[in-house]
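Sequences listed follow chains A and B, in order. If you're matching positions, the first sequence starts at 1 in the numbering used here and goes up one per residue. If you're matching positions, the second sequence starts at 337 in the numbering used here and goes up one per residue.
2 protein chains.
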Amino acid sequence: MGLTIRDVAKAAGVSTATVSNVLNKTGKVGPRTNRLVLLTVKRLGYFPNAHARHLASRDSRTLGIIVSDIVNPFFPEVIKSFETRARQLGYDAILSDTNYDPRRTREAAERMMEHNVRGVAIMTSEISSQLIQELERRRIAVTFLDLAPVRGYVSKLRIDYFSGIKQIVEYLHKSGHRRIAFIAGRPKLKSNIARMEAYESCMRDWGLEPGPIVHGDLRYEGGLAAGLHIAKLSPRPTAVMAVNDLTAVGVIKGLLKGGCRVPEDISVTGFDNTRLAEYCNPSLTTVDIHRDMLGQMAADALHELSCSANPQGREYHIPAELILRDSSGPAPAEKS
Amino acid sequence: MGLTIRDVAKAAGVSTATVSNVLNKTGKVGPRTNRLVLLTVKRLGYFPNAHARHLASRDSRTLGIIVSDIVNPFFPEVIKSFETRARQLGYDAILSDTNYDPRRTREAAERMMEHNVRGVAIMTSEISSQLIQELERRRIAVTFLDLAPVRGYVSKLRIDYFSGIKQIVEYLHKSGHRRIAFIAGRPKLKSNIARMEAYESCMRDWGLEPGPIVHGDLRYEGGLAAGLHIAKLSPRPTAVMAVNDLTAVGVIKGLLKGGCRVPEDISVTGFDNTRLAEYCNPSLTTVDIHRDMLGQMAADALHELSCSANPQGREYHIPAELILRDSSGPAPAEKS
DNA sequence: CCAGAGCACTTAACCGCTTAACCCAGCTAA
DNA sequence: TTAGCTGGGTTAAGCGGTTAAGTGCTCTGG
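The following block contains the structure:
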């Protein structure tokens, strides 16, 4: 098919080893030959075969990222910054989307192993411990989001959900809200449970009874259903915290359809500060977590782990910051 | 590092060829041995090395997709359906984001060549004809969005922009609008020019004078600036067509900031029908093009091209459909 | 004058797979 | 009986690179 290193070597009148050394900048080649080879490469339009290169060097110089749903506006920015940083560090990056499906999660992890990645950033919760062990056995560096403890090859990116949730509850409480509902994600996910617990704990800190918890699906549709449900409750909560922005936008739509005004009758908050939060109307009070930082940190963490001879997983901390917009306001006066 | 096919062969007491034949389901292996090998593979936790496999088989079974900006909500769905379909067809998929940067576009194309992809879906406009020739020379199947003529290895996915724009103009005209502005994308892009021409042509069809045309950047920011600009014009257009939803959302925000009401004073339309159009407020009148269809078609087209011995590029057609929402309405009565 | 050290390359042995070619027992058919 | 399949394997030659080891040179110092 394409050209091989042998073609280039022949055309330049040198050995394949020399061509390889030139392309890899090992500095073992004299300046004359170097120029000659580079010229020949350009002239022929040669590109080295990545597969052969990876195979021969026993190093894929590839980093993987597994996300649950690329359509979720949380992820594209993370992916982009991950990929950008990986490239800066000299890695190739591959992406897998699991669509929240355990089977596809397994396939994604297998794909990473087949590609012999040096490290993989796992940004989905539904991954079996078996797979994780498998990755560890092969000494593949891993970063998790929130869940899983730090170990040799495992670093952790801790988004400060707790702090974010705390800030929301505090703000809502200060605004006079007392019945604050929570729209969670999918019931079984560890990350989801952690957030629910954070919510409950923060509520109790202010002497509030954790209020109805409704499960969504982290998507718009789940939020919509939850909003419709909340609108019919009596007594109705005066504020709704959603587990992410997408859900919050759905909640708002559901509430509006159910005849509630936002924020006059009921305040809604999101989480993540996706662009959506800015665009939607009313624009969304939410918690910003630096997604670009997240992707970059993941790449850096994997780089560090996979380079060190004696890798020591670390915990990276991603701060959360409350962003006030138009979807929240003071609690309505009680009618009673 | 990891296990090799030799380890599996040894453990099962067969040759490596047999293991390979089992894994590739060539049907050359008896049922007893087949089961034995499969069992051994499971037991040892073996995964074949993709690089070695691709190299030896001289076939990467990989499809690539190059997009200009993964953060643009137009793309994630396209990518997702592309990837899903590619997997169904037995391909691995790799993604590159060019960030609208010619250098990165070049790098992306090079990456595709290095990975020896069978085909690549190019969903960005700024690609040099040199690169395209390079791809053609290597007999890599290609699909383009809109631009470029169909050739041997090149298929084209034609989004019916013209029809979409025509529908919008027709609708706006019928609603009484006479001064209809257009917010374009980046001036130099071919795709952008095509759309501007479509706009001008459709306007003339209704006896309307095109203009003003303001250039944006296909993003929110560009739309915002354009909206602020339009708000100050006199006479002010009564309707604004934006080149995509993201821009339209920016335009709306800009107009609101500039003191215009949407849609009472001025109607705004988008293009693409991203989820954003549904979420934003006022929800956006826009044109739907089936993005999931697009990704799937791209994968199908590449599959077809790369499999056929004598490939014949085709044109695929993606219909456009006007979606009426709340950002548009009848033209305001003239004050004069 | 020669051993030894550098320099600038070449030679060739892999990397982990696939696959064409070959092998062989057991059958069938002539 | 024997040639000719055929099903179920094995052997070994690559795929396109990398890289350790080797080969001539020239240069230096004792």
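A virtual CB, placed ideally from N, CA and C, is assigned to each residue, including glycine. All values reported here derive from a predicted model rather than from experimental measurement.
Proximity of chain B to A:L131 at the Cβ level (cut-off 9 Å) is not reached, the minimal Cβ distance being about 11 Å.
Here B:S664 carries a coil assignment [DSSP, helix/strand/coil]. Here B:L425 carries a coil assignment [DSSP, helix/strand/coil]. B:S404 has a beta carbon lying at 8 Å or more from every beta carbon in chain A. Following the DSSP letters along the chain, one finds B:A444 inside the alpha helix (DSSP H) bounded by residues P438 to E450.
Against chain B, the CB of A:V249 has a partner CB under 8 Å away; the residue lies at that interface.
Nearest CB-CB separation between B:E462 and chain A: not below the 8 Å threshold.
In this structure, the beta-carbon distance from A:V19 to A:L44 does not fall below 8 Å.
Contact check for B:A348 against A:E114 fails: the beta carbons are separated by 8 Å or more. Shown here, B:F383 sits in coil according to DSSP, grouped into three states, outside any helix or strand. Rounded to whole angstroms, the gap between the alpha carbons of A:P149 and A:M123 is 15 Å. Between A:V268 and A:A242, the C-beta spacing is below 8 Å. Apart from the 5 residues on each side of it in sequence, A:G270 sits with its Cβ closer than 6 Å to the Cβ of A242, D245, A248, A277, L284 and T286 in its chain, given in chain order.
A:C202 places its beta carbon 8 Å or farther from that of A:V240.
Look at B:E450: its C-beta is under 8 Å from a C-beta on chain A. Sequence-distant partners of B:E657 (beyond 5 residues in either direction) whose C-beta falls short of 7 Å from its own C-beta, in its chain, are V623 and D624. The closest CA to that of B:V377, considering only B:K346, B:M448, B:F480 and B:N452, is found on B:K346.
By the criterion of a C-beta distance shorter than 8 Å, B:D496 is surrounded in its chain by I625, H653, I654, P655 and A656, once the five residues flanking it on both sides are discounted.
DSSP places B:L399 in the uninterrupted beta strand (DSSP E) bounded by T398 to V403. Using a CB distance cut-off of 8 Å, B:P599 does not count as an interface residue toward chain A. In the DSSP assignment, A:T143 is bridged to A:A121 and A:S155.
Taking the beta carbon of A:A52 as reference, the chain B residues within 8 Å of it are H387 and L391, listed in sequence order. Note that the C-beta distance between A:L145 and A:L157 is below 8 Å. Spanning the alpha carbons of B:A445 and B:L467 requires a straight line of approximately 7 Å.
For the segment 272-288 of chain A, residues whose beta-carbon sits nearer than 9 Å to a beta-carbon of chain B comprise R275, L276, E278, Y279, C280, N281, P282 and S283.
Exclusion of the five residues before and after A:P282 leaves I252, V262, P263, R325, D326 and S327 as the residues of its chain whose Cβ lies within less than 8 Å of its Cβ. In this structure, the beta-carbon distance from A:G64 to A:V120 falls below 8 Å. Interface residue (Cβ-Cβ distance to chain B less than 8 Å): A:E134 is classified as such. At a cut-off of 8 Å between C-beta atoms, B:G559 does not count as an interface residue with respect to chain A.
Spatial neighbours of B:T369 in its own chain (CB-CB distance under 7 Å, excluding positions within 5 residues in sequence) are listed in chain order as V350 and T354. If the five residues before and after A:K190 are omitted, its C-beta is found closer than 6 Å to the C-beta atoms of S125 and L147, all from its own chain and listed in chain order. Within chain A, no residue has its beta carbon less than 8 Å from that of B:Y427; the closest one is some 12 Å off.
Assignment of alpha helix (DSSP H) within the segment 281-310 of chain A, counting only whole runs of 4 or more residues, yields 291-307 in chain order.
As computed with DSSP, B:M577 is found in a beta bridge with B:F518 and B:T605. In this structure, the alpha-carbon of B:C596 lies about 11 Å from that of B:L569. Proximity to A:N72 across A:A333, A:L305, A:N273 and A:E304 peaks at A:N273, based on C-alpha coordinates.
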